[in-house]
Ligand SMILES: Cc1ncc(C[n+]2csc(CCOP(=O)(O)OP(=O)(O)O)c2C)c(N)n1
Ligand code: SF4
Ligand SMILES: [Mg+2]
């Protein structure tokens, strides 16, 4: 008989990022995975197909990514934490119904192991080219939460973080990883169950007759009744009022859109996480996220050794974007350097946030990670 | 005649959402009432009943139903419902949606959910066009029919939905029209109580769009047409049940079989640890 592994595999492992992500999901209580195979995210589906039956969860390989996105939303509405994982082409297919999740306020986690695009692009090679699609890929006005891991350990940790944020703020949360993080193998430490902090969605505290589907509380988030709980849920992708009833007018639309945005914007300080290194006296700051952060740290250390006052701001939460911090840094530095594995996406946010107060220099790289030397070279040139 | 303030279906309807958006003469109101009647008669606890739709005139039904209801995006009711059902097998999940929603934009989901034998019920309102968007042709529009995007007559071959459903693996397949209220209601009830992927097609008048452009008269005229031109042929090969503009309408139950569902076939790993499905 095969050994059944526990839900939380406390201990030290040697995992690739995709597998670490699957284990993070299971440790978060995820018991429904729907997906469609795509490189470099396939290993997440493979891991989930082996693991879900072990933990009494459901793995379903859907007919496409549109179906996968919808299936996880449906499963979450039935009260089960749910996840899907994909890469560029599949991410594009998920966008319409990612918007449904935003509109219906359904917690779920969508993982994108990015590869080069557009179109089929570079199936097996890395990229950070979907960062703006993560922000604006579905139609309409809305706010998103996107996390950017830079190691297998963070694939585990941030998947848990993503589930917690999705349950707390009732929206599908994005884990924007990349092929390198997905495929690299490193040590991953899984803590004991008691040390894993989990959040579950707020449930209605009132009787079904008094419950309004979309009546927010002080945090702008409405409590959520699941299907089968007896609350006679009514929900639609149409603009709706507090009852969940369609409301086809400008006032209702403005009210809803503002609240959907406010629940993220007004809770930014709770949502945004970042890492600072050598920032206090820094004259040059490299703003980074995801895998280039690892070369960046080395480059910044080399710069310090060479007597250059360089620092690093690593965005853990890329969306919402930490504009106040970037503006503050812009006011006290010679330059902000932004290495990305794309043609310059988040650098636009840095420029916007810096509001002309400092130089903003992108380091564009395609389909491979920056070397520390490449980043160091730019720091050195700027410091002259 | 006894007049009462309370309509027998009142408890199943969200009265504060009336009046509904459906045109007068439309078949949807009658089809919807048949569904509600079946729901009531089935005896399934209403708290465990869920109705899901995509987008379209038919897709507005969930918003009027006083049970858990999900009005999703165009074409995506089936995968959404799949998630609901698999995550909580106690739920009785029914989709009430249009022909375009379920077979044009959502056709791929239909065949795969049927193949997997997901235990959900599909009620497809076939009005031969896209009613909601003003009457364009779709995947069930008969050859030669006029719609706003087939002004010279539709030059595409339509799907025979009951044939598609049977070939894809549905365990229960039936077709009725809006005039067959009693047979339709009991067929829906049967489907609700049946385990596995069930499919019921309802041929339904859309007098505002399809009916008007093809000179089928008022809604009532279409119902008369259904009465005079439909033939009940239970268990014939659904392949033989093609529909044409102004032709006969074969109705009845074509498939009623049993086979294991997606959930029945899940691997059973004994020696379970303390891992039971954790509700959130
Ligand atoms: C992705 C997408 N494409 C197009 C539409 C526009 N649209 C709304 S309903 C509909 C067709 C509905 O036809 P059907 O499913 O037959 O329902 P009916 O209105 O006839 O009941 C279309 C094309 C949409 N809402 N979403
Ligand atoms: S457009 Fe057609 S299907 Fe839609 S409500 Fe009117 S008659 Fe019914
Ligand atoms: Mg239609």
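Chains as they are written, first to last, in this note's numbering: chain G, 143 to 526; chain A, 450 to 729. Note that CB positions come from ideal geometry on N, CA and C, so glycine has one too. Predicted model, so just to flag it, every value in this text is computed and none were measured.
Measuring straight from C-alpha to C-alpha, what distance separates residue i and residue j?
i	j	result
residue 470 of chain G	residue 530 of chain A	48 Å
residue 588 of chain A	residue 655 of chain A	16 Å
residue 526 of chain G	residue 446 of chain G	14 Å
residue 499 of chain G	residue 273 of chain G	24 Å
residue 422 of chain G	residue 475 of chain G	11 Å
residue 625 of chain A	residue 413 of chain G	53 Å
residue 279 of chain G	residue 237 of chain G	6 Å
residue 545 of chain A	residue 604 of chain A	28 Å
residue 335 of chain G	residue 214 of chain G	25 Å
residue 377 of chain G	residue 190 of chain G	29 Å
residue 509 of chain G	residue 321 of chain G	10 Å
residue 715 of chain A	residue 195 of chain G	8 Å
residue 642 of chain A	residue 686 of chain A	23 Å
residue 628 of chain A	residue 297 of chain G	57 Å
residue 329 of chain G	residue 512 of chain G	23 Å
residue 312 of chain G	residue 729 of chain A	12 Å
residue 566 of chain A	residue 512 of chain A	27 Å
residue 459 of chain G	residue 630 of chain A	56 Å
residue 467 of chain A	residue 510 of chain A	12 Å
residue 275 of chain G	residue 634 of chain A	46 Å
residue 508 of chain A	residue 346 of chain G	27 Å
residue 443 of chain A	residue 205 of chain G	This structure cannot settle anything about residue 443 of chain A, because the visible part of chain A is limited to 450 through 729.
residue 504 of chain G	residue 429 of chain G	10 Å
residue 216 of chain G	residue 537 of chain A	10 Å
residue 696 of chain A	residue 395 of chain G	46 Å
Use the C-beta contact count for residue i: other C-beta atoms within 10 angstroms, 16 or more gives buried, fewer gives exposed.
i	result
residue 339 of chain G	exposed
residue 245 of chain G	buried
residue 355 of chain G	buried
residue 310 of chain G	buried
residue 493 of chain G	buried
residue 255 of chain G	buried
residue 455 of chain A	exposed
residue 492 of chain A	exposed
residue 540 of chain A	buried
residue 484 of chain A	buried
residue 578 of chain A	buried
residue 160 of chain G	buried
residue 252 of chain G	buried
residue 657 of chain A	buried
residue 669 of chain A	exposed
residue 583 of chain A	exposed
residue 228 of chain G	buried
Give the residues of chain A in contact with residue i, contact being defined as C-beta atoms less than 8 Å apart.
i	result
residue 342 of chain G	729
residue 206 of chain G	557
residue 252 of chain G	Neighbours of residue 252 of chain G on chain A: none; closest Cβ ~14 Å, over 8 Å.
Just the chain A side, please: which residues come within less than 7 Å of residue i by C-beta, in chain order?
i	result
residue 375 of chain G	517, 518
residue 260 of chain G	Near residue 260 of chain G there are no residues of chain A at all, since even the closest Cβ is about 23 Å away, more than 7 Å.
residue 153 of chain G	The premise fails here: residue 153 of chain G is roughly 15 Å from chain A at the closest Cβ pair, so nothing lies under 7 Å.
Using the beta-carbon of each residue, which ones in chain G are nearer than 9 Å to residue i?
i	result
residue 531 of chain A	176, 202, 204, 209, 212, 213, 216, 217
residue 683 of chain A	Ordered by position in chain G, no residue passes the 9 Å Cβ test against residue 683 of chain A, which lies about 31 Å from the chain.
residue 459 of chain A	In chain order: nothing, as chain G lies at least about 14 Å away.
Give the residues of chain A in contact with residue i, contact being defined as C-beta atoms less than 9 Å apart.
i	result
residue 195 of chain G	715, 716, 717, 718
Can you list the residues of chain G that residue i reaches, using a CB-CB cut of under 8 Å?
i	result
residue 642 of chain A	Those within 8 Å of residue 642 of chain A in chain G number zero; the least Cβ separation is about 18 Å.
residue 677 of chain A	Residues of chain G passing the Cβ test: none, with the nearest at roughly 38 Å.
residue 566 of chain A	Simply none; closest approach about 13 Å.
residue 512 of chain A	376, 378, 387, 388
residue 496 of chain A	370, 371, 372
For a contact defined as C-beta to C-beta under 7 Å, what are the partners of residue i on chain G?
i	result
residue 499 of chain A	369
residue 550 of chain A	Within 7 Å Cβ-Cβ: nothing; residue 550 of chain A doesn't reach chain G, min ~13 Å.
residue 525 of chain A	208, 212, 239
Would you verify that the beta carbon of residue i is, or is not, closer than 8 Å to some beta carbon of chain D?
i	result
residue 239 of chain G	The chain inventory of the structure shown lacks chain D, comprising the protein chains G and A.
Runs of beta strand (DSSP E) lying entirely within the segment 418–482 of chain G, each at least 3 residues, in chain order | Counting only unbroken stretches of 3 or more residues, the beta strand (DSSP E) elements lying wholly within the segment 418–482 of chain G are 426–430, 452–457, 459–461, 477–482, in sequence order.
Is the segment 182–198 of chain G touching the segment 502–519 of chain A, taking contact as three or more C-beta pairs under 8 Å?
-> These segments do not touch.
Tell me the start and end of each unbroken alpha helix (DSSP H) in the segment 471–505 of chain A that is at least 4 residues and wholly inside, in chain order.
-> You should have 477–491.
Could you pull out every unbroken alpha helix (DSSP H) segment of at least 4 residues lying fully inside the segment 246–304 of chain G, listed in chain order?
-> Those alpha helix (DSSP H) runs which fall completely within the segment 246–304 of chain G and span 4+ residues are 273–278.
Alpha helix (DSSP H) segments (min. 4 residues) lying fully within the segment 638–717 of chain A = With a minimum length of 4 residues, the continuous alpha helix (DSSP H) runs that stay inside the segment 638–717 of chain A are 668–678.
Is it true that the segment 429–447 of chain G meets the segment 385–396 of chain G, where meeting means three or more beta-carbon pairs spaced less than 8 Å apart?
-> Touching, no.
Taking only runs that begin and end inside the segment 328–358 of chain G, name each unbroken beta strand (DSSP E) of 3 or more residues, in chain order.
-> Here no run is fully enclosed.
Counting Cβ pairs, one atom from each stretch, are 3 or more of them under 8 Å apart for the segment 484–493 of chain G and the segment 394–413 of chain G?
-> Below 8 Å, too few C-beta pairs join the segment 484–493 of chain G and the segment 394–413 of chain G to call them touching: fewer than three.
Per the contact definition of three or more C-beta pairs closer than 8 Å, is the segment 659–676 of chain A in contact with the segment 508–525 of chain A?
-> Using a C-beta cut-off of 8 Å, the segment 508–525 of chain A makes no contact with the segment 659–676 of chain A, since fewer than three inter-stretch Cβ pairs fall below that distance.
If we count Cβ pairs, one from each stretch, closer than 8 Å, do we get three or more for the segment 215–234 of chain G versus the segment 168–183 of chain G?
-> Counting Cβ pairs under 8 Å, three or more are found: they touch.
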